[in-house]
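Encoded as structure tokens, the structure appears first; notes follow it.
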Amino acid sequence: MSETLPDFAGITGALRGLGLTPARFHAADDAGLVGALEAISVLRHEVERHQALAAAEVARRSRAGFGQQSLARRDGHTSTGAMLQSITRSTKRDTAALVAVGEMVAEAEAAAEFERMRRDDPGIAGVLPETPPPWFAPLSDAVVSGELTVAVADAIRSGLGEPGGDADEEQLGAALGELIPLCRDANADAARRAARQARDRIDAAGVTARAERQQEQQFWRVWVKPDGMVRGEFELEPVTGMLVKAVFDQLTHPRLIEPNVRRGFSDPVRGDRAFADARTTRERHAADGLVELLRAGTTVDPSRLLNAVKPSVRIVVNEHTLTSGHGSGVLEGHPDRIPIGAIHTGLCEGYLPVRFDQSGACVDLGRDERLFTTKQKTLLAIRDGGCMDPDCTRPPSWTEAHHIDHWHRDNGRTDLADGILLCRRDHLRYHNEGWQIRRHGTTYWLIPPPGIDPHQTPRLMRPKTPADITHPVNPAQLPPPATPPTPATTHEQEHPHPHPHPHAAR
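Under the numbering used here, residue 522 is the last one in the sequence shown; the count climbs by one each step, no gaps.
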């Protein structure tokens with residue numbers, strides 16, 4: 017039976033009949049103007065809610081199974097999206113959001129209707145199995161009731177994602193219970209950030225998978241423009257990207273601008289122009305600093321180059337995460353979480369850790385003494401000759417110093433015997449996958465995780481520098497043939513007397 021819909025065209029005509037013009041808004045007082053804008057926004061959200069429901073039904077009638085008889089095809093369109101975009105005159109992104117929210121609402125209502133039928137008809141209940149509501153049903157209810165707008169609901173749904181990794185339907189449903197009241201008055205961008213953070217809290221595996229994808233998606237491009245200027249663009253994964261941002265922020269700090277320029281910011285006439293000029297000046301300074309950094313390379317201390325404190329990036333992590341090895345952390349100033357492997361790698365590289373216990377109390381503000389000195393890195397480069405992974409051939413310039421005794425877990429010492437060179441790829445891989453390195457005298461062994469080698473057979477890590485070069489005076493000093501450690505060898509047996517942590521908090 018066909019349902020008669022309201023006269024939406026009449027509602028539109030009534031709104032147009034108000035005869036609103038820019039002059040009427042211009043003549044309104046502040047309270048009237050703000051009140052009108054708020055009421056119009058509420059009206060718009062109501063319209064979008066009904067628009068989403070209608071779009072979902074159009075999408076249902078235009079499914080591929082209908083073939084040439086689908087609604088979109090009969091209306092002369094190649095796809096549902098093309099038809100909806102033609103009608104709504106919206107972007108593809110906005111159209112997709114309408115369909116996604118509408119289908120979400122339709123699916124939740126269909127499940128609810130099915131359960132009502134089972135409840136009201138015992139015969140159906142005895143034949144058909146119980147169908148629980150989808151995990152996103154509370155989000156659907158919030159859209160139908162007008163508690164959330166279409167844009168905010170779409171942001172929450174896309175931010176939470178689909179069940180998978182460590183996040184099952186029950187956990188996502190529980191997250192919705194927190195997000196819906198939190199996002200009632202939020203805009204779509206804020207709702208998306210809140211949803212992403214909620215997903216990260218319950219899905220450590222997803223955090224790790226995202227970090228791996230971001231590592232693969234990095235790029236740096238440079239080209240010459242027709243006018244001779246050289247232009248470039250890059251995208252970096254969060255850990256290294258935030259270091260670049262820290263350098264940029266330092267190079268463009270407003271204090272680097274002449275005082276007479278800064279005084280112009282408050283000028284009611286020239287303030288905007290002064291601000292734009294000052295920003296251009298700071299960006300020009302940043303370009304000069306970038307060139308200086310590239311020229312200096314690794315031979316110049318960045319603190320001397322910038323004539324200020326060396327830029328630093330802080331890793332914020334809970335004490336329980338470091339102790340248990342499960343969970344994730346964040347980079348100061350970045351909204352997304354980073355996996356536990358990236359945290360351990362960052363601690364080796366010199367990112368400053370800020371640790372909190374389970375009660376929220378800060379237990380460590382970070383310290384710099386854990387880092388290998390320049391002289392130590394030079395000796396490591398000579399001794400190891402490059403990345404010590406058995407299958408890697410990357411040179412010392414591509415490597416970073418790794419504590420074979422984890423800095424937090426084992427109170428790792430910053431000395432040559434407990435240091436080894438690894439390229440960033442293998443450094444991240446070891447931390448993320450659970451590889452271990454054991455030292456017997458001057459010999460290093462790589463212990464694979466059980467998931468890769470159930471027997472955890474040690475693999476010899478050979479330096480790329482020939483042994484006779486590092487022992488040129490007396491070849492008898494060459495180490496004896498390497499003997500792999502026995503399975504019973506443990507970290508505690510190698511270090512029967514745990515040394516005190518050599519670094520005091522600043």
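The beta-carbon is built from N, C-alpha and C at its ideal position, and this holds for glycine as well.
Take residue i as the anchor and find which of the options has the nearest alpha-carbon.
i: Phe8; options: Glu146, Thr473 and Val121; result: Lying outside 17 to 522, the shown extent of the chain, residue 8 is not represented and no answer is given.
i: Pro412; options: Gln392, Lys261 and Leu437; result: Leu437
i: Gln231; options: Trp239, Glu253 and Arg76; result: Glu253
i: Ala523; options: Thr96, Leu164, Thr107 and Thr337; result: Outside the modelled stretch of the chain, which goes from 17 to 522, sits residue 523, for which no answer is possible.
i: Leu347; options: Leu259, Gly450, Ala211 and Arg79; result: Leu259
i: Thr94; options: Ser106, Thr107, Ser78 and Arg109; result: Ser78
i: Ala210; options: Asp352, Leu36, Phe41 and Arg454; result: Asp352
i: Gly222; options: Ser86, Thr297, Ile354 and Gly162; result: Ile354
i: Tyr446; options: Thr459, Tyr460, Pro464 and Leu432; result: Pro464
i: Glu163; options: Leu198, Ala75, Arg135 and Met133; result: Leu198
i: Gln452; options: Arg441, Asp184 and Gln472; result: Gln472
i: Phe152; options: Glu178, Arg134 and Arg135; result: Glu178
i: Gly189; options: Arg200, Leu176 and Arg208; result: Leu176
i: Thr256; options: Leu306, Cys408 and Thr361; result: Thr361
i: Thr390; options: Ala417, Met404 and Asp405; result: Ala417
i: Glu185; options: Ala80, Pro154 and Lys241; result: Pro154
i: Asp182; options: Asp216, Arg208 and Ser156; result: Asp216
i: Asn448; options: Gly48, Leu49, Thr459 and Gly467; result: Gly467
i: His350; options: Gly305, Asp407 and Lys261; result: Lys261
So, is residue i buried or exposed, given that buried needs 16 or more other C-beta atoms within 10 angstroms?
i: Met245; result: exposed
i: Val263; result: buried
i: Leu34; result: exposed
i: Arg429; result: For Arg429, the pLDDT reaches just 48, beneath the cut-off of 50, and the residue's location in the model is therefore unreliable, although a value from the coordinates is still provided. When all chains shown are included, Arg429 counts as buried.
i: Leu345; result: A small fix is needed here, since residue 345 is Gly in this sequence, not Leu. It counts as buried.
i: Thr415; result: buried
i: Trp239; result: exposed
i: Ile56; result: exposed
i: Ser161; result: exposed
i: Gly29; result: exposed
i: Ile27; result: exposed
i: Leu31; result: exposed
i: Leu36; result: exposed
i: His393; result: The sequence given here has Lys at residue 393, not His. Classification of Lys393: buried, given that the 10 Å Cβ count is 16 or more.
i: Cys403; result: buried
i: Arg212; result: buried
i: Ala88; result: buried
i: Arg425; result: Low local confidence applies: a pLDDT of 43 at Arg425 is under 50, so the model's placement there is unreliable, and no value is given.
i: Ser18; result: exposed
i: Arg208; result: buried
i: Arg454; result: buried
CB residue i to CB residue j, shorter than 8 Å?
i: Glu228; j: Ala214; result: no
i: Leu462; j: Arg478; result: no
i: Asp434; j: His456; result: no
i: Ile218; j: Gln187; result: yes
i: Ala126; j: Pro149; result: no
i: Gly401; j: Thr481; result: yes
i: Thr111; j: Leu100; result: yes
i: Leu444; j: Leu396; result: no
i: Cys439; j: Arg410; result: yes
i: Gln234; j: Glu249; result: no
i: Val63; j: Leu114; result: no
i: Ala72; j: Ala122; result: yes
i: Asp268; j: Ala302; result: Strictly speaking, residue 268 in this sequence is Thr, with Asp absent from that position. Yes, Cβ-Cβ distance for Thr268 and Ala302 is below 8 Å.
i: Gly343; j: Asn334; result: yes
i: Val74; j: Thr104; result: no
i: Asp405; j: Asp442; result: yes
i: Ala52; j: Ala44; result: yes
(message) Would you call the region 184-202 in contact with the region 220-234, where contact means no fewer than 3 C-beta pairs closer than 8 Å?
(response) no
(request) Report the residue ranges of all alpha helix (DSSP H) runs contained in full by the region 214-256; include only those spanning at least 4 residues, in chain order. (result) 220-233
(request) Report yes or no: do three or more beta-carbon pairs, one from the region 110-118 and one from the region 66-78, lie closer than 8 Å? (result) yes
(message) Contact between the region 195-209 and the region 157-173 is defined here as three or more beta-carbon pairs at a separation below 8 Å; is this criterion met?
(response) yes
(message) Quick check for students: name the residue ranges of the beta strand (DSSP E) that lie wholly in the region 437-467, counting only runs of 3 or more.
(response) 452-456 and 459-463
(request) Write down every uninterrupted run of the alpha helix (DSSP H) in the region 107-168 whose length is 4 residues or greater and which is fully enclosed by it, in chain order. (result) 108-136, 138-143 and 153-160
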